[in-house]
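Below: one structure, written as structure tokens.
Residue numbers (our numbering), protein chains in the order written: chain A, 1 to 119; chain B, 1001 to 1114.
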């Protein structure tokens, strides 16, 4: 069983809709991540939050808006998406030993993903 | 920057046969090394990791991997595979300090045939 919970598991939205993906972990991890995975490809990093602050944005279009309201929750707000944004969106978390250092125990714990289809 | 090359995109194997999935990496700094498995329609699950110490690491489901610094390799092995091992396998590296990026290889599709 994964300790990173993502909702919803499936989401279908139109290009004018606004929706959100949610991620929750209760492992006390202070680094949380959003990845995007297209079919038959490896995950691609989108955002990293460290101690609830955005530390990495991999030049993601502004139609994707991340939010980290507290240390356990991570949201990805979606607006005006394109069909090519259809993908599996994976949330992950990891322990970070000190704020802003990027020093971690190493492994990421992934959720099962939210499969997004944009019509 | 770090990069990962998985040398085989697909590996078909008969059940109960041994398997090796190959991974080579490139980095100018020290890295952690990982193998993740992704079953159909699921997220990624950590199989094993190398942080330091013994170069032979054992993971879940009977998998093991050997870190070879001189050859910059981290090949994954299992002596006898099962149908349930059919999945996509990703090798990944991350810097020990600094940016929190996990760099993945392109993946190897392991298919177990009865």
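For every residue, glycine included, the Cβ atom is placed at its ideal position computed from N, Cα and C. Computed from a predicted structure; not experimentally measured.
For residue i, go through chain B and note every residue whose CB falls closer than 8 Å to its CB, in chain order.
{"i": "residue 45(A)", "result": "1101 and 1102"}
{"i": "residue 111(A)", "result": "1043"}
Compute the Euclidean distance between the alpha carbons of residue i and residue j, then round it to the nearest angstrom.
{"i": "residue 45(A)", "j": "residue 90(A)", "result": "9 Å"}
{"i": "residue 63(A)", "j": "residue 1057(B)", "result": "42 Å"}
{"i": "residue 27(A)", "j": "residue 3(A)", "result": "7 Å"}
{"i": "residue 1109(B)", "j": "residue 1015(B)", "result": "15 Å"}
{"i": "residue 1008(B)", "j": "residue 1074(B)", "result": "14 Å"}
{"i": "residue 118(A)", "j": "residue 70(A)", "result": "28 Å"}
{"i": "residue 1069(B)", "j": "residue 1094(B)", "result": "15 Å"}
{"i": "residue 66(A)", "j": "residue 24(A)", "result": "14 Å"}
{"i": "residue 1077(B)", "j": "residue 1091(B)", "result": "12 Å"}
{"i": "residue 61(A)", "j": "residue 79(A)", "result": "11 Å"}
Is residue i close to chain B? Criterion is C-beta to C-beta, closer than 8 Å.
{"i": "residue 66(A)", "result": "no"}
{"i": "residue 73(A)", "result": "no"}
{"i": "residue 90(A)", "result": "yes"}
{"i": "residue 108(A)", "result": "yes"}
{"i": "residue 1(A)", "result": "In this prediction, residue 1(A) scores a pLDDT of 49, lower than 50, which makes its location untrustworthy; the coordinate-derived value is nonetheless stated afterwards. Taking Cβ atoms only, chain B never reaches closer than 8 Å to residue 1(A), which makes this a no."}
{"i": "residue 8(A)", "result": "no"}
{"i": "residue 42(A)", "result": "yes"}
Measure from the C-beta of residue i to each C-beta in chain A and report whether the shortest distance is under 8 Å.
{"i": "residue 1063(B)", "result": "no"}
{"i": "residue 1010(B)", "result": "no"}
{"i": "residue 1044(B)", "result": "yes"}
{"i": "residue 1106(B)", "result": "yes"}
{"i": "residue 1015(B)", "result": "no"}
If contacts are defined as beta-carbon pairs under 8 Å, then residue i and residue j qualify, I think. What distance do you get, rounded to the angstrom?
{"i": "residue 1047(B)", "j": "residue 1060(B)", "result": "6 Å"}
{"i": "residue 113(A)", "j": "residue 5(A)", "result": "About 11 Å separates the two Cβ atoms, so there is no contact after all."}
{"i": "residue 1037(B)", "j": "residue 1089(B)", "result": "5 Å"}
{"i": "residue 58(A)", "j": "residue 68(A)", "result": "Actually they do not touch by this definition, with Cβ atoms about 16 Å apart."}
So which of the options has the shortest CA-CA distance to residue i?
{"i": "residue 1067(B)", "options": "1007(B), 1078(B), 1055(B) and 1090(B)", "result": "1055(B)"}
{"i": "residue 1011(B)", "options": "1081(B), 1104(B) and 1103(B)", "result": "1081(B)"}
{"i": "residue 1086(B)", "options": "1093(B), 1070(B) and 1107(B)", "result": "1107(B)"}
{"i": "residue 1004(B)", "options": "1071(B), 1063(B), 1042(B) and 1039(B)", "result": "1071(B)"}
{"i": "residue 72(A)", "options": "93(A), 86(A) and 82(A)", "result": "93(A)"}
{"i": "residue 1049(B)", "options": "1102(B), 1083(B), 1018(B) and 1017(B)", "result": "1102(B)"}
Against residue i, what residues of chain A qualify as contacts under a CB-to-CB distance less than 9 Å, listed in chain order?
{"i": "residue 1090(B)", "result": "42 and 43"}
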